[in-house]
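These notes concern the structure reproduced below.
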Amino acid sequence: MQLVNAVSLILSVALPVGLGFLGSLAGDGGDSDWYKQLKKPPWTPPNWAFPVIWTILYVMMGVAAWYVWLHGGFEKQGVVLGVYLLQLFLNLLWTPLFFGMHNPGAAFADIMLLWFTIAANIYLFWHVEPVAAYLLVPYIIWVTLASTINLYVWIHYVNDSQYHVTN
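With full-length UniProt numbering, letter number 163 in the sequence shown gets 163, and the count goes up by one each step, no holes.
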């Protein structure tokens, strides 16, 4: 049983970490010329902080999902884990929308859906295993911060003619 739990923990952590890495490949990232020239709010963390914080959050997300998994897997926690998988998909989608397509408006719509899905996850996880819910609290705080940055960029992107292609 110990080996099964260890393997399931590793897989639970590997899923969000792996998807996060995959998502990072879908855009040109914070070092791109496009991102560097955007107007960003003064509370934007330095570029080096993003991969560090996201990696920590992905590990915490995986551990949280593992705690829920231990309470019956998909057989008993199908809806709860389904919402978790939905938020992973929405998280994965944000990077190509923002960095790949350079579309802060679509990225903001996605991150708002993500925020509400994380909130639902926290609620659902709480009813299965409170520790799992607590592990997602830093995630929703970080996504709240990221949402404010995304909104700020989108507002300035829409209202600043330097970002628009003219014929």
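From the three backbone atoms N, C-alpha and C, an ideal C-beta is built for every residue, glycine too.
By Cβ distance below 6 angstroms, which residues in the same chain neighbour LYS39 in space, the five residues on each side in sequence not counted?
Within the sequence shown, numbered from 1, the residue matching residue 39 stands at position 39. Excluding its 5 nearest sequence neighbours in each direction, LYS39 has C-beta neighbours in its own chain below 6 angstroms: HIS156, listed in chain order.
As assigned by DSSP and simplified to three states, the class of GLU75
Along the sequence shown, one-based indexing puts residue 75 at 75. Secondary structure at GLU75: helix, using DSSP grouped into helix, strand and coil.
Would you check if the distance between the CB atom of VAL128 and the CB atom of HIS71 is smaller than 9 angstroms?
The sequence position of residue 128 within the sequence shown is 128, counting from 1. The sequence position of residue 71 within the sequence shown is 71, counting from 1. The beta carbons of VAL128 and HIS71 sit closer together than 9 angstroms.
Under a three-way DSSP split, which group does residue 170 fall into?
It is not possible to answer for residue 170, since the shown part of the chain is limited to 1 through 167.
To the nearest angstrom, how far is it from the Cα of PRO41 to the Cα of PRO51?
Working through the sequence shown from its first residue, we reach residue 41 at position 41. Working through the sequence shown from its first residue, we reach residue 51 at position 51. For the pair PRO41 and PRO51, the Cα-to-Cα distance works out to about 19 angstroms.
Reducing DSSP to helix, strand and coil, say where HIS102 ends up.
The residue labelled residue 102 in the question sits at position 102 within the sequence shown. Coil.
Given that a residue counts as buried once 16 or more other Cβ atoms are within 10 Å of its Cβ, and exposed if not, what is THR95?
Your numbering for residue 95 matches position 95 in the sequence shown. THR95 comes out buried.
Assign VAL131 to one of two classes, buried (16 or more other C-beta atoms within 10 Å of its C-beta) or exposed (fewer than that).
Translated into the one-based positions of the sequence shown, residue 131 becomes position 131. VAL131 sits exposed, since fewer than 16 C-beta atoms from the chains shown fall within 10 Å of its C-beta.
For SER12, collect the residues of the same chain with a Cβ closer than 8 angstroms to its Cβ; drop the 5 residues on either side in sequence, then sort them by chain order.
Translated into the one-based positions of the sequence shown, residue 12 becomes position 12. Excluding sequence neighbours, SER12 sits near GLY62, VAL63, ALA65, TRP66, TRP69.
Do you know how far the Cα of LEU124 is from the Cα of LEU88?
Working through the sequence shown from its first residue, we reach residue 88 at position 88. Working through the sequence shown from its first residue, we reach residue 124 at position 124. Whole-angstrom Cα-Cα distance: 15 angstroms.
The alpha helix (DSSP H) with TRP66 in it runs from where to where?
In the sequence shown, residue 66 corresponds to position 66, counting from 1. Per DSSP, the continuous alpha helix (DSSP H) segment holding TRP66 begins and ends at 49 to 69.
Range covered by the alpha helix (DSSP H) that runs through residue 176
There is no way to answer for residue 176, as the model of the chain reaches only from 1 to 167.
Give a yes or no on whether the C-beta atoms belonging to ALA83 and THR117 are separated by under 9 angstroms.
Stepping through the sequence shown from its first residue, residue 83 is reached at position 83. Stepping through the sequence shown from its first residue, residue 117 is reached at position 117. In the sequence as presented, Ala is not what sits at residue 83; that position holds Val. Judged by their CB atoms, VAL83 and THR117 are nearer to each other than the 9 angstroms cut-off.
Where the alpha helix (DSSP H) through ILE145 begins and ends
Stepping through the sequence shown from its first residue, residue 145 is reached at position 145. For the sequence presented, residue 145 should be read as Leu rather than Ile. For LEU145, the uninterrupted alpha helix (DSSP H) segment begins and ends at 130 to 159.
Can you grab the Cα-Cα spacing for the pair TRP34 / LYS76, in whole Å?
As a position in the sequence shown, residue 34 is number 34, starting the count at 1. As a position in the sequence shown, residue 76 is number 76, starting the count at 1. Going by the C-alpha atoms only, they are around 46 angstroms apart.
Three or more C-beta pairs under 8 angstroms: does that hold for the region 107 to 115 against the region 138 to 154?
Per the Cβ contact rule, the region 107 to 115 is in contact with the region 138 to 154 (3 or more Cβ pairs under 8 angstroms).
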